[in-house]
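If you read the sequence shown in my numbering, its first letter stands for residue 4, the second for the next number, and so on.
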Amino acid sequence: MVPQAEPFTLGVEEELQIINPVTRELDSRAERILADLTPSLGDEVRSELHLSMVETVTPVCRSLSELRAEVTRLRRQVMRAAERHDCRIASAGTHPFSSWRAQEITPKPRYEEIARKYQYLARESVMFGCHVHVCINDRDMAIQVLNRARIWLAPLLALSANSPYWQGIDTGYASHRYGMWLYWPTAGPPNLFRSRAEFDELVRAMVATDSVQDGSNLYWDLRLPTRYPTIEFRIMDACMTVDEVVMVAGLARALVLTCYEQALREAPFPAARTELLRSAHWRAARFGLDGDLIEVGAERSVRAGAMIEHLLDFVRPALEAFGDWYEVAAIARETVRRGNGAARQRTAFQQSGSLAPVVDLMIQETASGVAVL
4 MVPQAEPFTL
14 GVEEELQIIN
24 PVTRELDSRA
34 ERILADLTPS
44 LGDEVRSELH
54 LSMVETVTPV
64 CRSLSELRAE
74 VTRLRRQVMR
84 AAERHDCRIA
94 SAGTHPFSSW
104 RAQEITPKPR
114 YEEIARKYQY
124 LARESVMFGC
134 HVHVCINDRD
144 MAIQVLNRAR
154 IWLAPLLALS
164 ANSPYWQGID
174 TGYASHRYGM
184 WLYWPTAGPP
194 NLFRSRAEFD
204 ELVRAMVATD
214 SVQDGSNLYW
224 DLRLPTRYPT
234 IEFRIMDACM
244 TVDEVVMVAG
254 LARALVLTCY
264 EQALREAPFP
274 AARTELLRSA
284 HWRAARFGLD
294 GDLIEVGAER
304 SVRAGAMIEH
314 LLDFVRPALE
324 AFGDWYEVAA
334 IARETVRRGN
344 GAARQRTAFQ
354 QSGSLAPVVD
364 LMIQETASGV
374 AVL
């Protein structure tokens, strides 16, 4: 049974690439696309730092089937608008070859201030993520969930890793996006917090020193947003398929429920050092599903496929409580068998010897099952 004290509703934000279908380069047409969409979709579509990106934001969803429908609907709407402006939409953590130097900063005060403050770092950060929010109204409990869930983030990155190429080269990483993200001063795994008061004190100190404007500028891989009563998973690359979005969202929500129930029982948990988490996340970014991952709680290296099974075992009761077990487990196991987005991109390149077909694959898989026409 799912505890009645919390709704455990969820939502997803997707950062999507705007593609020129002729050159396969990124195309800075976000303002035109958003002008078409905003009257009907409102806050469900947003601008982002660069004009070659649009972000979609699902409504609050109570089930994975509802989430699937909303992700599909928003992708369809954005794709239709993009096609009206002779563009296509793709979902991946990076673009394989478009130069970051050619990407325009969105002309809004917020983004212009980010570019002014962070300079090269902001201009180069042409990367795309998938963020999952799970509602927890009790913020003291949210801290306890964060403390427990932080050790399970690496397999979420390994499953979603979808950015092997950057500036025309194979980086050797499954998720180059994650490595670039770590350059930001407040990025990376969260620390362990003894209480909500300790968390609030950190935010206060960061604001007081002008390190961040507010808590929303803490870009941890798992964080507590200041604007919403949620816990937000930010470690994942943008996923090519709707199935993969549903998978990571289902795993994230099940992880939250599992950790919530552990916290209610005051069950012990591994108080892993942040340095070990950094190593685990780097390993997942480097190898994805094609090497060993670090099982943080057990302090050992295990094959990626085994690590995914350990995660599934850990959250299975929660997945079953939500009615999500068969769907999420099947997609996760199929991702291990078929390869994550990074592996599929590399296969497309190996078959063609060119990066243009990689972009074509990204466009095709992003539209798979969406029925744009």
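From the three backbone atoms N, C-alpha and C, an ideal C-beta is built for every residue, glycine too.
My output table needs one value for residue i: the three-state DSSP class, helix, strand or coil.
i, result
"F236", "strand"
"V129", "coil"
"T261", "helix"
"G45", "helix"
"Q367", "helix"
"V215", "coil"
"H98", "coil"
"A274", "coil"
"V373", "coil"
"G182", "helix"
"D173", "strand"
"L358", "coil"
"D295", "strand"
"G326", "coil"
"Y168", "strand"
"V63", "coil"
"A8", "coil"
When burial is assigned at 16 or more other CB atoms within 10 Å of the CB, is residue i buried or exposed?
i, result
"R341", "exposed"
"E17", "buried"
"R91", "buried"
"S355", "exposed"
"R276", "exposed"
"D240", "buried"
"Q122", "exposed"
"Q20", "buried"
"S371", "exposed"
"R119", "exposed"
"Q80", "buried"
"V48", "buried"
"I238", "buried"
"P110", "exposed"
Roughly how far, in whole angstroms, is the beta-carbon of residue i from the beta-carbon of residue j, given that I think they are within contact range, below 8 Å?
i, j, result
"V251", "C133", "7 Å"
"T229", "D217", "6 Å"
"A157", "P167", "With a Cβ gap of about 17 Å, A157 and P167 do not count as contacting."
"G96", "N165", "5 Å"
"W223", "G191", "7 Å"
"L292", "V305", "In fact, because the Cβ distance is near 12 Å, the residues do not count as touching under 8 Å."
"V299", "L280", "6 Å"
"H53", "I117", "No, H53 and I117 are not in contact; Cβ-Cβ is about 11 Å, not under 8 Å."
"L162", "N343", "6 Å"
"L378", "A274", "Outside the modelled stretch of the chain, which goes from 4 to 376, sits residue 378, for which no answer is possible."
"V248", "V63", "Wrong, their Cβ atoms sit about 16 Å apart, outside the cutoff."
"V15", "L70", "6 Å"
"R78", "T338", "With a Cβ gap of about 19 Å, R78 and T338 do not count as contacting."
"H88", "R126", "The Cβ separation is near 24 Å, so there is no contact."
How is the alpha helix (DSSP H) around residue i delimited, first residue to last?
i, result
"R349", "344–355"
"D143", "142–152"
"E107", "Taken as a continuous stretch (DSSP letters only), E107 belongs to no alpha helix (DSSP H), as it is neither H nor E."
"R286", "277–290"
"S68", "67–87"
"R32", "Note, R32: premise wrong, no alpha helix (DSSP H); not H, not E."
"L19", "L19 -> not in any alpha helix (DSSP H); beta strand (DSSP E) instead, spanning 13–22."
"I92", "Unbroken run through I92 is the beta strand (DSSP E), 91–93; no alpha helix (DSSP H)."
"R306", "Per DSSP, R306 belongs to no alpha helix (DSSP H); it is in the beta strand (DSSP E), 303–306."
"Y121", "112–121"
"A241", "First-last for A241: undefined, no H or E at that position."
"A161", "156–163"
How far does the beta strand (DSSP E) with residue i in it reach, from first residue to last?
i, result
"P26", "Note that residue 26 corresponds to Thr in the displayed sequence, not to Pro. Unbroken run through T26: none, as it is neither H nor E."
"T59", "56–60"
"L227", "Per DSSP, L227 belongs to no beta strand (DSSP E) and is neither H nor E."
"R197", "Note, R197: premise wrong, no beta strand (DSSP E); not H, not E."
Taking 8 Å as the threshold (beta carbon to beta carbon), is residue i in contact with chain C?
i, result
"W103", "Reference to chain C is not applicable here, since this structure consists of a single protein chain."
Practice item. Check whether the region 47–65 touches the region 205–221, taking contact to mean three or more Cβ pairs, one atom from each stretch, closer than 8 Å. Key: Short answer: they don't touch.
Practice item. Please confirm if the region 253–267 is in contact with the region 135–142, defined as three or more CB-CB distances below 8 Å between the two stretches. Key: Counting Cβ pairs under 8 Å, three or more are found: they touch.
Check your understanding: Between the region 328–343 and the region 298–316, do three or more beta carbon pairs fall short of 8 Å?
Key -> Contact holds between the region 328–343 and the region 298–316, because three or more Cβ pairs, one in each stretch, are under 8 Å apart.
Point to revise | Any 3 or more C-beta pairs closer than 8 Å across the region 138–151 and the region 282–292 | key: They do not touch, by the three-pair rule.
Check your understanding: Is it a yes or a no for the region 80–94 touching the region 22–42, going by three-plus beta-carbon pairs under 8 Å?
Key -> The answer is yes - the region 22–42 touches the region 80–94, with three or more Cβ pairs under 8 Å.
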